[in-house]
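Residue numbers (our numbering): 61 to 514. Here a beta-carbon is modelled for each residue, glycine too, at the ideal position from N, C-alpha and C. What you are looking at is a predicted structure, and each value in this text was computed from that prediction instead of being measured. Below is one structure; the comments refer to it alone.
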Amino acid sequence: MAGKFKTSYICQSCGYETLRWSGRCPECGNWNTLIEEVIEKKAEKQRSRVLSAKNIETYRLSEINSQKETRTETLIKEFDRVLGGGIVDGSVILVGGDPGIGKSTLMLQIANNLKDKKVLYVSGEESPFQIKMRSERLGYKPDNFEILAEIAVDVIDATVDNINPDLIVIDSIQTLYTPDLDSSPGTISQLRECTSFLTKVAKSKNIPVFIVGHITKDGSIAGPKVLEHMVDVVIQFEGERTHNYRILRSIKNRFGSTNEIGIFEMTENGLKEVANPSEVFLAQRNYGASGCVISSSIEGTRPILIEVQGLVTSSNYGVPQRTSMGFDYKRLNIIIAVLEKKLGLYLNKYDIFLNIAGGIRIDEPAIDLAASMSLYSSFKDIPIDSETVVLGEVGLAGEIRTISNIEKRINEADKLGFKKIIIPKNNQKSITTSKYKIKIVPVEKIKQAVEILV
Ligand code: TYD
Ligand code: MG
């Protein structure tokens, strides 16, 4: 590009900036992600403005009036919970997820619920006609909906001034552009500029803005990742395409707790809330099959019972396969190593598959013991009692380590009528009541767990 512009190479995956092109990003290690983008010249003016401002004010916490933020409830309970109790005025909410996972549908559904609010729906992806078709298919007739098929931020700004909406939805940030920059829509510099622009609109006019952003599984066009620090709330849409369940997870929330999740079922009439997640994830559970173990995970503030499925089969090819779905791959390898060292289970000639049923992803170590037991059970082809719940983190020495929220988990298992629950020994002292019908069995070592279960 001509010398008039200042350009940089920006990694489209992690946002790393460099003056020289190379095939591989030195920061995140991805290939072919560095793209030349025009960078706006920093205004010299800005510096002089700050230097000339003599009376810059600072505040003491005690001098600031505390005020509760005003929230609008969307009437989708699961969604409100993820937000921490509804949409906060003037907040910017990034909704990320794979293409086709249901982001636009959710936005439409929220707009449909907020009947007395004027919603400006900026669609750079679908034509107004397509949006109409979709809304008819889902059975919505929102009348509070102003659709703007425009992708330039200055036009969006002017429209906001014109129609004064109560809520703005941007679908999606990857399609927007600001004419101030020369790079094309979807590049990191455009994403950043447009997001900061929208943030200004939200804050100055006190209008909440939903920004939809696509994220691919491998994070290669992860653009939205670099936007996370610019917005107030980041919500991620998760779920396997082949499954009907969708999980909304809040990864960042300036107005509430993070790691809260909402669970939805996809139907032809849109997303339906799932009030009893444990029952859903156990709906198709296997009774008396080897390799299947029930465990409990805390998602947000709620315990969810899940089925961990392990399969160990002899390997026909040179290097045995290790596959995990919904469970951390590195932890699977640790568990395999512990099974080998502490239980003498030699698995190097076996393919190993581990799956969390129902398409949910669990990142908690509390289900380690259940995962270990499912592999053990599958290897020996001996089923584990389906009325037993197994909890505990597995340490490298084969010890069963303490987990969080033990009572919530026991309570949920008890409520659903399970007969026995295996817990880490060190957790026993934090149990305060003896009201449970379920039999609580503490264990210290992985070996002990095997003796009890198999
Ligand atoms: P869509 O909202 O377009 O996904 P995204 O905006 O994340 O790319 O949803 C994808 C498709 O799934 C679309 O054809 C509508 C359909 N769908 C349903 O039929 N029911 C539902 O509950 C959801 C969420 C989606
Ligand atoms: Mg969409």
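Identify, in the order they occur along the chain, each residue of the same chain with its Cβ nearer than 6 Å to the Cβ of Asn486, setting aside the five sequence neighbours on each side. Thr462
Comparing the CB of Ser195 with every heavy atom of the ligand MG, is any distance shorter than 7 Å? Ser195 Cβ: outside cutoff for every heavy atom of the ligand MG.
Can you tell me where the beta strand (DSSP E) with Tyr305 in it begins and where it stops? Tyr305 to Asn313
With DSSP run on the structure shown, which of helix, strand or coil describes Ala343? coil
In three-state terms, what does DSSP make of Lys260? helix
Option nearest Val454 by Cα separation, candidates Asp388, Ala430, Ser350 and Lys440: Ala430
How many Å lie between Ile153 and Val398 at the Cα? 42 Å
Taking the alpha carbon of Ile271 as the point to measure from, which residue in Lys265, Ser264 and Arg252 has its own alpha carbon closest? Measuring from the Cα of Ile271, the nearest candidate turns out to be Arg252.
Going straight from the alpha carbon of Ala218 to that of Ser232, what length do you get? 18 Å
I'd like to know whether the C-beta atoms of Ile99 and Thr78 end up nearer to each other than 8 Å. no
Is the region 370-381 touching the region 340-349, taking contact as three or more C-beta pairs under 8 Å? With a cut-off of 8 Å, the region 340-349 and the region 370-381 do not count as touching, because too few Cβ pairs lie within range.
Rounded to whole angstroms, what's the CA-CA distance from Glu133 to Gly316? Just pull it up for me. 14 Å
Are the beta-carbon atoms belonging to Lys312 and Val294 less than 8 Å from one another? yes
For the ligand MG, is there a heavy atom less than 7 Å away from the beta-carbon of Lys163? In this structure, Lys163 has its beta carbon less than 7 Å from a heavy atom of the ligand MG.
Give the C-beta separation of Thr235 and Glu185 to the nearest angstrom, bearing in mind that I take them to be a contact with Cβ-Cβ under 8 Å. Taking 8 Å as the upper bound for CB-CB distance, Thr235 and Glu185 are in contact here, some 6 Å apart.
So, does the region 187-205 touch the region 257-275, judging by three or more C-beta pairs under 8 Å? No: the two stretches stay apart, fewer than three of their Cβ pairs being nearer than 8 Å.
Quick one: what does DSSP say Ile136 is sitting in, helix, strand or coil? coil
Confirm, please, whether the CB-CB distance from Pro268 to Val155 is below 8 Å. Cβ atoms of Val155 and Pro268: not closer than 8 Å.
Use the C-beta contact count for Thr383: other C-beta atoms within 10 angstroms, 16 or more gives buried, fewer gives exposed. exposed
Compute the minimum distance between the beta carbon of Glu185 and the heavy atoms of the ligand MG, and state whether it is under 7 Å. yes
Using a Cβ-Cβ cut-off of 7 Å (strictly less than) and excluding sequence neighbours within five positions of Glu339, which residues of its own chain qualify? none
Let's test the definition: count the other Cβ atoms within 10 Å of the Cβ of Leu308 and tell me whether it reaches 16, buried, or not, exposed. buried
Which of helix, strand or coil does DSSP assign to Ile444? coil
Determine the direct distance from the alpha carbon of Ile416 to that of Met290, and round the result to whole angstroms. Rounded to the nearest whole angstrom, the C-alpha separation of Met290 and Ile416 is 33 Å.
Would you check if the distance between the CB atom of Leu174 and the CB atom of Val220 is smaller than 8 Å? Result no, Cβ atoms of Leu174 and Val220 do not sit closer than 8 Å.
Leu174 in three-state terms, based on DSSP: Coil at Leu174, not helix or strand.
Determine the contact status of Leu392 and Leu407, defining contact as a CB-CB distance below 8 Å. no
Give the straight-line distance between the Cα atoms of Cys74 and Asp292, rounded to the nearest whole angstrom. The straight-line gap from Cα to Cα measures roughly 20 Å.
Just to confirm, does Asp158 get its C-beta within under 7 Å of one of the non-hydrogen atoms of the ligand MG? no
Tell me whether the beta-carbon of Phe341 lies closer than 8 Å to the beta-carbon of Leu371. Taking C-beta atoms as the reference points, Phe341 and Leu371 fail to come closer than 8 Å.
Closest to Lys440 by CA distance: which of Glu467, Phe139, Gly351 and Tyr69 is it? Gly351
Hey, is Glu117 close to the ligand TYD, as in C-beta under 7 Å from one of its heavy atoms? no
Just mark Gly160 as buried or exposed, buried being the case when its beta carbon has 16 or more other beta carbons within 10 Å. exposed
For Gly63, I'd like the list of residues in its chain whose CB is within less than 8 Å of its CB, leaving aside the five on either flank, ordered along the chain. Confidence is the limiting factor: at Gly63 the pLDDT is only 47, short of 50, which leaves the residue's position unreliable, though a coordinate-based value still follows. Here the set comprises nothing.
Is it buried or exposed for Leu241, if we count other Cβ within 10 angstroms and need 16 for buried? buried
Taking 8 Å as the threshold (beta carbon to beta carbon), is Leu331 in contact with chain B? As a matter of chain content, chain B is missing from the structure shown, which is built from one protein chain.
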